[in-house]
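Numbering (our numbering), first residue to last: 151 to 495.
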């Protein structure tokens, strides 16, 4: 009987620790009065810069080249922007027994966010899947999410959670316009962005930390954290674990039902079951305004959960692939040496 081994190293993302530290800083020293106005203005500028860099990085030509594998990309997009939101809507029945309404709004928003790029590629590579397909799928999801996430939020969230028709205009001005500007100037600054990818990555992460500090400061000033009890938080974790489990099973066995090969199924599973923290946090700050603190809490929890679970799955897929390579093929015969034994009469 095989013994189960817990992975020696779980992927506790150091950036999650920075995010938690930023939340703690906002709890102890929230921005108030004029300082809150300065933080809000800096956060708005940081979000615009963030999406400008997204546009400057994304190679439209590479994304269009990936259209040849359109069935896989349509499958990932359907999981991200159709199946996920349906699960989010189904969770409405858990209010108010398990989830409060603000937590549910954050959970529903989580299901509308595009997929990740970096972690999908990393886990697909680790599991020996179709890495080029994962790259294109993540790029398509990010590109579609710039438009799809706000539209889905307008349709499903309506006027709740601080969302209003003005949020669409804010999305256009703070997210879409900088993104398109980055795409337009990519031909001139694309090589610079590629050469300084590491430094600009720090700018990305610093911008998100500023967004988190601003959102949680506003939450502390308004006292919204009194709405979240340990029992409610535990219920949220259980609900998110169930959603992640459903998506992981659906993407794996659904890919098999659609007759994708093993390498493609791996790319579908890792790209179709994830949600992007980097894209979701700035969008939430624009869409929810002062209510963004509770809105991003489900996304932060889900992000760390998906890293841990997908790392375990990726290692298992890699072991399965290695076993298939070393296993003898069906029908193969072993060669024996003839005539070396003694014959008894």
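The beta-carbon is built from N, C-alpha and C at its ideal position, and this holds for glycine as well.
Simplified DSSP assignment, three categories, for residue i
i: residue 261; result: coil
i: residue 247; result: coil
i: residue 301; result: helix
i: residue 364; result: helix
i: residue 234; result: helix
i: residue 181; result: coil
i: residue 290; result: helix
i: residue 423; result: coil
i: residue 312; result: Residue placement at residue 312 cannot be trusted, given a pLDDT of 47 that sits under 50; what the coordinates show is reported in the next sentence. Looking at residue 312 - three-state DSSP - the assignment turns out to be helix.
i: residue 346; result: coil
Rounded C-alpha distance that separates residue i from residue j
i: residue 158; j: residue 167; result: Unreliable positioning characterises residue 158 in this predicted model, as indicated by a pLDDT of 46, which lies under 50. The coordinate reading is nonetheless provided below. One C-alpha to the other measures close to 20 Å.
i: residue 169; j: residue 324; result: 22 Å
i: residue 342; j: residue 267; result: 21 Å
i: residue 223; j: residue 438; result: 30 Å
i: residue 427; j: residue 474; result: 35 Å
i: residue 165; j: residue 241; result: 29 Å
i: residue 351; j: residue 320; result: 24 Å
i: residue 410; j: residue 416; result: 10 Å
i: residue 330; j: residue 198; result: 11 Å
i: residue 302; j: residue 435; result: 16 Å
i: residue 245; j: residue 254; result: 7 Å
i: residue 382; j: residue 336; result: 45 Å
i: residue 234; j: residue 420; result: 14 Å
i: residue 388; j: residue 460; result: 17 Å
Residue i - containing alpha helix (DSSP H), residue span
i: residue 169; result: 164-178
i: residue 334; result: 327-334
i: residue 226; result: 220-228
i: residue 273; result: 268-276
i: residue 387; result: 380-407
Option in the options with minimal Cα separation from residue i
i: residue 291; options: 437, 453, 460, 429; result: 429
i: residue 176; options: 282, 187, 360; result: 360
i: residue 236; options: 356, 393, 289, 277; result: 393
i: residue 470; options: 277, 302, 451, 456; result: 277
i: residue 272; options: 431, 433, 424; result: 424
i: residue 261; options: 472, 446, 460; result: 446
i: residue 356; options: 299, 288, 247, 431; result: 431
i: residue 238; options: 283, 391, 173; result: 391
i: residue 264; options: 285, 281, 298, 248; result: 298
i: residue 219; options: 185, 200, 251, 282; result: 282
Contacts around residue i, its chain only, beta-carbon distance under 8 Å, and the 5 residues preceding and following it disregarded
i: residue 333; result: 205, 206, 208, 210
Nonlocal neighbours in the same chain, by C-beta distance under 7 Å from residue i, ignoring five residues either side
i: residue 227; result: 290, 291, 294
i: residue 296; result: 325, 326, 329
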